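Student: Chains D and B, in that order, give the protein sequences. First residue of the first sequence: 1, per full-length UniProt numbering; consecutive thereafter. First residue of the second sequence: 1, per full-length UniProt numbering; consecutive thereafter. Below: one structure in C-alpha cells.
There are 2 protein chains.
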Amino acid sequence: MTVEGRAAEEPGGRGPSGDRSRIARRALLGAGGAAAALAAGGAVLTTSGAGARGPAAVIPFHGPYQAGILTRRQPYAHLAALDLGPEADRARAAALLRAWTGAAARMSRGEPPAAACPGADGDTGDTGVALGAGPASLTATFGFGAGLFDRLGLAPARPEALAPLPDFPDDRLDPARSGGDLFVQIGADDPFAAVHALRTLQRLARGTARTRWVMSGFTRPPAGAPSPAASGTHRNPMGQLDGTANPAPGEDPAQRARILVTGSDAPPWLTGGSYVVVRRIRMLLDTWEGLPVHHREEAVGRRVTDGAPLTGGTERTPVDLEAARPDGIPVIAANAHIRLAAPRTNAGATMLRRGWSYYDGLRPDGAPDAGLLFVAWQADPRTGFVPVQRRLARGDALARYTEHEASALFAVAGGVAPGEYVGQRLLEG
Amino acid sequence: MTVEGRAAEEPGGRGPSGDRSRIARRALLGAGGAAAALAAGGAVLTTSGAGARGPAAVIPFHGPYQAGILTRRQPYAHLAALDLGPEADRARAAALLRAWTGAAARMSRGEPPAAACPGADGDTGDTGVALGAGPASLTATFGFGAGLFDRLGLAPARPEALAPLPDFPDDRLDPARSGGDLFVQIGADDPFAAVHALRTLQRLARGTARTRWVMSGFTRPPAGAPSPAASGTHRNPMGQLDGTANPAPGEDPAQRARILVTGSDAPPWLTGGSYVVVRRIRMLLDTWEGLPVHHREEAVGRRVTDGAPLTGGTERTPVDLEAARPDGIPVIAANAHIRLAAPRTNAGATMLRRGWSYYDGLRPDGAPDAGLLFVAWQADPRTGFVPVQRRLARGDALARYTEHEASALFAVAGGVAPGEYVGQRLLEG
Numbered sequence: 001m002t003v004e005g006r007a008a009e010e011p012g013g014r015g016p017s018g019d020r021s022r023i024a025r026r027a028l029l030g031a032g033g034a035a036a037a038l039a040a041g042g043a044v045l046t047t048s049g050a051g052a053r054g055p056a057a058v059i060p061f062h063g064p065y066q067a068g069i070l071t072r073r074q075p076y077a078h079l080a081a082l083d084l085g086p087e088a089d090r091a092r093a094a095a096l097l098r099a100w101t102g103a104a105a106r107m108s109r110g111e112p113p114a115a116a117c118p119g120a121d122g123d124t125g126d127t128g129v130a131l132g133a134g135p136a137s138l139t140a141t142f143g144f145g146a147g148l149f150d151r152l153g154l155a156p157a158r159p160e161a162l163a164p165l166p167d168f169p170d171d172r173l174d175p176a177r178s179g180g181d182l183f184v185q186i187g188a189d190d191p192f193a194a195v196h197a198l199r200t201l202q203r204l205a206r207g208t209a210r211t212r213w214v215m216s217g218f219t220r221p222p223a224g225a226p227s228p229a230a231s232g233t234h235r236n237p238m239g240q241l242d243g244t245a246n247p248a249p250g251e252d253p254a255q256r257a258r259i260l261v262t263g264s265d266a267p268p269w270l271t272g273g274s275y276v277v278v279r280r281i282r283m284l285l286d287t288w289e290g291l292p293v294h295h296r297e298e299a300v301g302r303r304v305t306d307g308a309p310l311t312g313g314t315e316r317t318p319v320d321l322e323a324a325r326p327d328g329i330p331v332i333a334a335n336a337h338i339r340l341a342a343p344r345t346n347a348g349a350t351m352l353r354r355g356w357s358y359y360d361g362l363r364p365d366g367a368p369d370a371g372l373l374f375v376a377w378q379a380d381p382r383t384g385f386v387p388v389q390r391r392l393a394r395g396d397a398l399a400r401y402t403e404h405e406a407s408a409l410f411a412v413a414g415g416v417a418p419g420e421y422v423g424q425r426l427l428e429g
Numbered sequence: 001m002t003v004e005g006r007a008a009e010e011p012g013g014r015g016p017s018g019d020r021s022r023i024a025r026r027a028l029l030g031a032g033g034a035a036a037a038l039a040a041g042g043a044v045l046t047t048s049g050a051g052a053r054g055p056a057a058v059i060p061f062h063g064p065y066q067a068g069i070l071t072r073r074q075p076y077a078h079l080a081a082l083d084l085g086p087e088a089d090r091a092r093a094a095a096l097l098r099a100w101t102g103a104a105a106r107m108s109r110g111e112p113p114a115a116a117c118p119g120a121d122g123d124t125g126d127t128g129v130a131l132g133a134g135p136a137s138l139t140a141t142f143g144f145g146a147g148l149f150d151r152l153g154l155a156p157a158r159p160e161a162l163a164p165l166p167d168f169p170d171d172r173l174d175p176a177r178s179g180g181d182l183f184v185q186i187g188a189d190d191p192f193a194a195v196h197a198l199r200t201l202q203r204l205a206r207g208t209a210r211t212r213w214v215m216s217g218f219t220r221p222p223a224g225a226p227s228p229a230a231s232g233t234h235r236n237p238m239g240q241l242d243g244t245a246n247p248a249p250g251e252d253p254a255q256r257a258r259i260l261v262t263g264s265d266a267p268p269w270l271t272g273g274s275y276v277v278v279r280r281i282r283m284l285l286d287t288w289e290g291l292p293v294h295h296r297e298e299a300v301g302r303r304v305t306d307g308a309p310l311t312g313g314t315e316r317t318p319v320d321l322e323a324a325r326p327d328g329i330p331v332i333a334a335n336a337h338i339r340l341a342a343p344r345t346n347a348g349a350t351m352l353r354r355g356w357s358y359y360d361g362l363r364p365d366g367a368p369d370a371g372l373l374f375v376a377w378q379a380d381p382r383t384g385f386v387p388v389q390r391r392l393a394r395g396d397a398l399a400r401y402t403e404h405e406a407s408a409l410f411a412v413a414g415g416v417a418p419g420e421y422v423g424q425r426l427l428e429g
C-alpha cells in the first residue's frame, strides 16, 4: 500500500509544519503501509495549524486512514446507514464498495462521481447538484455494522469489539433509526456538495443495499480559531461549547492509539481504522431554555459564555474536580456532566467526539426535534464510549434534558491506496 | 418615521454606489416615510454590487421595508408559521410583535435578544446558542395570515389580495403545514444564529401563539459571483440553477413596484410591504436522477451545467421561445418549465423568487424528503404567483417530478423605524 498525502488533508499539511509532514511522509513511502505511517508519529497525523476551507479545499480521499475522522469538522454533514438487500453477497458488496470508493475519491476532488460513458453525449448521469461547489472539503467515510459480517458469511472476521452496545438506563432507542449494515458519514463545506454525495452513494447502492436511516447535521467552525482541528469545540443547540475535553490525537501518539486501531494484533482491514458510535441525542429545549443560566451552567459544570470550568480559568483550563465552596459544597456538582464524563472519572476512557447539531423542525407533539448527532471515534468502544456512557446514564445532570433516540456502532476500515477499495482486505481477505 | 440605513443592508450600500445611496438617503431623512423612500428610486433599494458576508455582517433591521425581502439570500433559513392562541387579543398580539421587533433588532446586531434584568446576575435568559456567531447577516421578516385579521377583529382591514390562494390541480397540500396566522422568515450566514433566532421568537410567543409549522432550508451563495443580490441564482436539489429569470427590483422601479406594495391607495401598514407565497415543493429525486441529462434539460428548457437556455447563449441570455429545430419542433418544448413560467407567457406576472432548498432525510416510504422551499414575493399574488402557477399546473414538464405539499400566503407589513414595532399601524390603526 502506498501511503498517500493525507498530511495535505490535515491543517498541519501547510506551512512550516506541513513541510516537516511532507519530509516525514516521503521517508515513509514504501516503508510498509499504514502501520508504519501510524507509528511515525504526529507529522502525518497532525491536526494542528490553520486549514483551508471553502470551495477549493481538497481533502485527499486516499491515505493510511479514512478521511473524516481526524479531519476538522465540516459545517454540513449527513450520516446514513444502509442494510444489505436479500440478494447481496460478498461479490455484490465488494462491487458496491468499489463503486463507492471510486465515486467518493472523485467527488473529493470536485469531479463528477462517474466518468462520462463513451457515446453517451458526455452524459455522466450526474445531476449537476454540486456544480460550482468545488471539492468543498468533501469527505465520505465508510463503516461496517455487525450485521454485515453475518450476512456475508464473514462472522469469524467480526471483531469482538463490534458486539452490540449494552442497554443504558433511560435509552429510548428507535430501532428504525439505529444500527445498520453499512455506514456512511459525509462532511463538506458546501450543502449541495454534501447532499450530492449522499444521493450519489445511495444511487450506487441500488439493488445491493437499501438506506435504513439518514440524519443530517450542521456545525460552525470556531470563529477565528487558528486551529480548526478535529478536536475543536463547537456550540450545540443547548448553547454549550461541545468537545472541550476532546483528545488531540494528531499531537499525542498515546491519545491517537485510543482513537485509531494501531495494535499489531488487529486484522489488516481494520489497521488504521476505528470504531464509531453514533447517537441521536434529542435535547428537550423547551425545558432547558427556561432554566436560569446558573442552573444550566451547574448541570454542565462550565460557563456558557466561554466554556471555562466553573472552577475558573479559560475553556482549556483543566477542571478542578476537588474544588469546594467555602461551605464545603463541591463547585462541580456530583452529577455535573463534566465530572461524570471526565476521562479521569472513567479510568482514562477517551473518545474523539466529532458530532454535529441537528434541527429537524417540530415533532408531532409540537416540541422541537433538535439536538446532537453524537459521533464518537475510538480504538475500542468497550474502553471508550461504553464506560463513559454507563457513568453518565447513572446520573448525569444533563440527562434529564436529553433523550437518546437512536444508537449505532460501526467498525471503520483503514484507509486505502489508489486502486484499492474500502474494506477490500475484509471482503477479499 | 425615520428612514434608517437600509441601504447599508443591501450590497450596493458600500463602495461608490453606496456613497450615492447614503446621499440619497440623507436627502430623504424626514421627508415623509416609506412611501417617499420607495419613490426615490434605486439608490436606497439597490441590490447590486458586492456584499459583506460572515460573522461581522450586519443587515439593519430598521428601514422603509423589512429586511429579508430584497436582501441577498443567506445560506441558512427557517420559515415558521404560528397560530394565535385562544386568549390572544389585539393587545397581546401587539405585545408579541413589540417583543419580536425588539429581539429581532437586537439579534440582527449580534446582541442577546433581551437586555439583562437588573439584579438577575447578568442573566438575560439567553441560552448562548449564538455566542460567537456575530450578527451573521441575520434577518427576521414578519407577516400576517388571513386568519389573524378575523381573530383580532380586524376583518375590515384585511386586504382583498390576502384571500386564500385558489386550488391548483395536483396540489397535495398538508393543512398542518399550510397557512397560519403569523409568519416568520429567518435568514442568517450562521446556522446557530438562525436556530437561536427561531427559538427566541418561539419562546417570546409562548402564551400568545403556538408554532404551527417550521421548515428549514439551505442554499449556497453563487461561487465567486460579484453580485450576490436577492435575485441571484442558486442550485436546487434537482441540479437546476433556480431564479435565473428573477426580476432585479433594486435596479428597475417598475419591477420593484411589482414586488413591494407602493401604491398610494395601500393601507399605511402595508406600504413598503409585500405578499409572500410559501410552497413546500418536494422533488421526486429517485425518478428525476434516473433520467438522461437531455430529458432533464428539456423538461426545464435550460442546460444543467450553466443554466443557459437551450436556445443558446449564457445563463442571462433571454430564451428564444420561437426558436425551432430544422424539423420544425420548438427547441423549448410546449411544456418546458421556462416557457410556462416566463413572464411573457403570463402577461408580465413577476415575482421575486427567493427560496431555499431543503433536505429532511427519508420519508416513511424510503424516498428522500427533499425539495424546494419556494418563497415568492410580489405586490399582489393575484397578478404574481396565481397566474403563473395556474399555467404551470396545467402542464409543466417538471410537475411530474414534484409535489406541492404545503402552501401559505402572508401579507408582510412595511418596515419600521426605531421605537416602532412591525404591524403597529395595523394593530393600533
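Here a beta-carbon is modelled for each residue, glycine too, at the ideal position from N, C-alpha and C. On a predicted model such as this, the values are computed, not experimentally measured, just so you know.
Closest to residue 396 (chain D) by C-alpha separation, out of D:340, D:54, D:180, would be which residue?
Tutor: Nearest C-alpha to residue 396 (chain D): D:340.
Student: In the DSSP assignment, find the alpha helix (DSSP H) that holds residue 390 (chain B) and state where it starts and stops.
Tutor: From DSSP, the alpha helix (DSSP H) with residue 390 (chain B) extends over 385 to 393.
Student: Is the separation between the beta-carbon of residue 349 (chain B) and that of residue 383 (chain B) shorter than 8 angstroms?
Tutor: Their beta carbons are under 8 angstroms apart, which means residue 349 (chain B) touches residue 383 (chain B) by this criterion.
Student: Hey, does residue 282 (chain D) have any beta-carbon neighbour from chain B nearer than 8 angstroms?
Tutor: Chain B contact via Cβ: absent.
Student: Run down chain B in chain order and give the residues with a C-beta less than 8 angstroms from the C-beta of residue 215 (chain D).
Tutor: Within chain B, the residues near residue 215 (chain D) are 361.
Student: Am I right that residue 438 (chain D) and residue 72 (chain D) are in contact with their C-beta atoms under 8 angstroms? What's the rounded C-beta distance?
Tutor: Lying before the first or after the last residue shown, residue 438 (chain D) is absent from chain D, which here runs from 1 to 429.
Student: For a test of the three-state rule: what should DSSP assign to residue 156 (chain D), helix, strand or coil?
Tutor: Reduced to three states, the DSSP call for residue 156 (chain D) is helix.
Student: So, is residue 140 (chain B) buried or exposed, given that buried needs 16 or more other C-beta atoms within 10 angstroms?
Tutor: The residue is buried, with at least 16 neighbouring Cβ atoms inside 10 Å.
Student: In angstroms with no decimal places, state the Cα-to-Cα distance between residue 134 (chain D) and residue 97 (chain D).
Tutor: Near 24 angstroms, if we compare the C-alpha coordinates of residue 97 (chain D) and residue 134 (chain D).
Student: Contact check, residue 113 (chain D) vs residue 200 (chain D) under 8 angstroms by CB: the rounded distance?
Tutor: Confirmed, Cβ separation roughly 5 angstroms.
Student: Check whether the region 362 to 375 of chain B and the region 245 to 260 of chain B touch, using three or more Cβ-Cβ pairs below 8 angstroms as the test.
Tutor: No: the two stretches stay apart, fewer than three of their Cβ pairs being nearer than 8 angstroms.
Student: Using a C-beta to C-beta distance shorter than 9 angstroms, which residues of chain B count as neighbours of residue 366 (chain D)?
Tutor: 210, 211, listed in chain order.
Student: Report the residue from D:275, D:305, D:208 whose alpha carbon sits nearest the alpha carbon of residue 431 (chain D).
Tutor: The shown model of chain D, from 1 to 429, leaves out residue 431 (chain D), and the question about it has no answer.
Student: What alpha helix (DSSP H) runs, 4 residues minimum, are completely inside the region 74 to 123 of chain B?
Tutor: Counting only runs of 4 or more, we get 90 to 108.
Student: Taking the beta strand (DSSP E) that residue 287 (chain D) belongs to, which residues open and close that run?
Tutor: No beta strand (DSSP E) contains residue 287 (chain D), which is instead part of the alpha helix (DSSP H) from 285 to 288.
Student: Can you check DSSP and say which residues form a bridge with residue 378 (chain D)?
Tutor: The partner list for residue 378 (chain D) (beta bridge, DSSP) reads D:275.
Student: So, is residue 68 (chain D) buried or exposed, given that buried needs 16 or more other C-beta atoms within 10 angstroms?
Tutor: Classification for residue 68 (chain D): buried.
Student: If you run the structure through DSSP and keep just helix, strand and coil, what is residue 147 (chain D)?
Tutor: Note: residue 147 (chain D) maps to helix in three-state DSSP.
Student: Could you tell me the distance, in whole angstroms, from the CA atom of residue 300 (chain D) to the CA atom of residue 75 (chain D)?
Tutor: Taking the straight line from one Cα to the other gives about 24 angstroms.
Student: Measure the Cβ-Cβ separation of residue 362 (chain D) and residue 211 (chain B) and say whether it is below 8 angstroms.
Tutor: Yes, they are a contact pair.
Student: What does residue 289 (chain B) touch in chain D if you count any residue whose Cβ is under 7 angstroms from its own?
Tutor: The contacting residues are 127, 199, 203.
Student: Could you check how far apart the C-beta atoms of residue 173 (chain D) and residue 407 (chain D) are, in whole angstroms? I think they sit under 8 angstroms.
Tutor: Their Cβ separation, rounded to whole angstroms, is 5 angstroms, which keeps residue 173 (chain D) and residue 407 (chain D) in contact under 8 angstroms.
Student: Grab me the residues of residue 389 (chain D)'s own chain with a C-beta within less than 7 angstroms of its C-beta, minus the 5 sequence neighbours each way, in chain order.
Tutor: Here the set comprises 168.
Student: Taking residue 424 (chain B) as the reference, which of B:92, B:79, B:59 has the closest Cα?
Tutor: When only C-alpha atoms are compared, the closest one is B:92.
Student: What does DSSP give as the partner residue(s) for residue 234 (chain D) in the beta ladder?
Tutor: For residue 234 (chain D), which the question treats as bridged, DSSP gives the partners D:242.
Student: Between residue 365 (chain D) and residue 324 (chain D), what straight-line distance do the alpha-carbon atoms span, to the nearest angstrom?
Tutor: Going by the C-alpha atoms only, they are around 42 angstroms apart.
Student: What three-state label does DSSP hand residue 368 (chain B) in the structure shown?
Tutor: Strand, per DSSP.
Student: Taking C-beta pairs closer than 7 angstroms, name the residues in chain D that residue 192 (chain B) reaches, listed in chain order.
Tutor: Those are 220, 235, listed as they occur along chain D.
Student: Output, in chain order, the set of chain B residues within a Cβ distance shorter than 7 angstroms of residue 180 (chain D).
Tutor: Within 7 angstroms Cβ-Cβ: nothing; residue 180 (chain D) doesn't reach chain B, min ~12 angstroms.
Student: Cutting at 7 angstroms between CB atoms, please list the residues of its own chain near residue 166 (chain D), excluding the five before and the five after it.
Tutor: Same-chain partners within the cutoff: 386.
Student: When you compare only the Cα positions, how much space is there between residue 433 (chain D) and residue 251 (chain D)?
Tutor: Nothing about residue 433 (chain D) can be read from this structure; chain D reaches only from 1 to 429.
Student: Taking 8 angstroms as the threshold (beta carbon to beta carbon), is residue 63 (chain D) in contact with chain B?
Tutor: No - not a single Cβ of chain B is within 8 angstroms of the one on residue 63 (chain D).
Student: Alpha carbon to alpha carbon, how far is residue 293 (chain B) from residue 422 (chain D)? Give it in angstroms, no decimals.
Tutor: Going from the Cα of residue 422 (chain D) to the Cα of residue 293 (chain B) covers about 30 angstroms.
Student: CA-CA distance, residue 136 (chain B) and residue 124 (chain B)?
Tutor: Cα-Cα distance, rounded: 20 angstroms.
Student: Ordered along the chain, which non-local residues of its own chain (more than five positions away) have a Cβ less than 6 angstroms from that of residue 162 (chain B)?
Tutor: These residues qualify, in order along the chain: 146, 411.
Student: Considering Cα atoms alone, identify which of B:271, B:302, B:342 is closest to residue 413 (chain B).
Tutor: The option with the nearest alpha carbon to residue 413 (chain B) is B:271.
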